[in-house]
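Presented below is the structure to which this report refers.
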Amino acid sequence: MQLGHVRIAQIWRIVHAIVTHRVTRITALLAAIGLSLWNVDRVPHTAVLPALVGLLPFAIGKYVLCPLRWHALSGSGRTRRWHLRAYAESEILGIISPWHAGADLWRIHRLERIGARRTAAVSEVALDRFVGAVGLIAAVAVCGVTMPPVVLAVALGAAAVVLVAALVVNRRRPSLARRWPWPSPKVFLLGVMLSVGYQITILGLLIGAIHAVGDSVSAMQLVAVFGASQLAGVLPGVHGASPREGALVAGLASIGVSWTAAFGAVALTALLYWIPALLLGGGCMLLRWRGWFTEPHPGTT
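No gaps in the numbering here: position 210 of the sequence shown is 295 in our numbering, and each next residue is one more.
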């Protein structure tokens, strides 16, 4: 058992060193931006205004609602502003890494820097991810569109297994349960509602991108396609050319959008992600490195 913990610690140090290395960050950033710019050549003639109109609510959902969800679930005791800044910074690393894993690693790193134990930091970020997934399923249900029966059964089954396991651990091993963040029903519901709001803003961005390339689609059909395409996100891929984007292109084509417009809308959406990421996330990183934001002294949380 001890050997297993040592090996996990070694793997963690290697991954952390690779992710946080300056050369790795710069290389991945340039590669991701280059891929997005290459995709622009395939985008049909676009109208800027619909894309920008769709980008505004997305930026609010991504950089306000998601950090507020994290803050609601967090046990770090830090302010909303701290979570807003840390989340914005993490998105740059998330865009340039498969599974968006760089964002989670950066958030764990920021929690450790303020004194959080690694187990608590990892569990907190994992809980935020889980609530986000629940919010995705809830968003599809709220809009009155159901996923395919097999997909919905798998998603609900996985959620049920997690909840049952949590209840069993909480009852049988209370000492172990105290190491993990257990939100109250009110906090959990708030997190799900914020997640639903965020999913709606993504749909707004997609609708704006589709109109920008000269096509249109039913919002209700788009919800179903978007919900199904998120399942492809479990496979690794680079932002702008991941299985999720491929599934979304195929889904848009299946509901009547031309292949050219579908590819153009998805490529444009991937490119638009960079605007708030560089402005907000890059800006927060720059200001913090310049000493504009004072970090709290490390303490055990």
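Don't be surprised by glycine CBs; every beta carbon is placed ideally from N, CA and C. For clarity, every value in this text was computed on a predicted model and none was experimentally measured.
Beta-carbon proximity of residue i to residue j, cut-off 7 Å
i    : j    : result
A350 : I295 : yes
L365 : Y148 : yes
P142 : H168 : no
I340 : Q306 : yes
R192 : S208 : no
A144 : G293 : no
A206 : L190 : no
Y283 : L150 : yes
Closer than 6 Å: residue i CB and nearest the ligand SAM heavy atom
i    : result
G367 : In the structure shown, the ligand SAM is absent, as is every other ligand, since no ligand is present at all.
Candidates the options, of which the one nearest residue i by Cα
i    : options                   : result
L275 : R198, D213, A144 and L196 : D213
L221 : F311, G367 and L333       : F311
P328 : A352, V308 and G341       : A352
W374 : R170, Y283, A223 and P135 : R170
V210 : A304, G146, G200 and H194 : H194
P268 : F215, R203, A338 and Y358 : F215
A362 : A338, L140, A132 and L134 : L140
L371 : I177, T131 and G146       : I177
I180 : L356, A132 and T204       : L356
F273 : R203, A201, V219 and A132 : V219
T131 : I360, C369 and T354       : T354
A304 : L337, I360 and S182       : L337
A223 : L333, V308 and T204       : V308
L333 : L291, G217 and S182       : L291
G217 : V138, G331 and G146       : G146
Query raised in the report: Any contact of the segment 362 to 382 with the segment 183 to 193, i.e. 3+ C-beta pairs under 8 Å?
Result: As far as the Cβ criterion goes, the segment 362 to 382 does not touch the segment 183 to 193, which means the pair count is below three.
Report task. Would you check if there are 3 or more beta carbon pairs closer than 8 Å linking the segment 284 to 301 to the segment 158 to 176? Result -> No, the segment 284 to 301 does not touch the segment 158 to 176.
Requested in this report: Taking 8 Å as the threshold, find out whether the segment 265 to 281 comes into contact with the segment 146 to 163 through three or more Cβ pairs.
Outcome: Yes, they touch.
Query raised in the report: Between the segment 337 to 345 and the segment 297 to 307, do at least 3 Cβ pairs fall closer than 8 Å?
Result: yes
Report task. Mind listing, in chain order, the continuous alpha helix (DSSP H) runs of no fewer than 4 residues lying wholly within the segment 155 to 218? Result -> 165 to 180 and 186 to 198
Query raised in the report: What residue ranges within the segment 265 to 348 form continuous alpha helix (DSSP H) runs of no fewer than 4 residues, ordered along the chain?
Result: For the segment 265 to 348, whole alpha helix (DSSP H) runs of length 4 or above, ordered along the chain, are 270 to 297, 304 to 314 and 328 to 339.
Query raised in the report: What runs of the alpha helix (DSSP H), each 4 residues or longer, lie entirely inside the segment 348 to 383?
Result: 368 to 374
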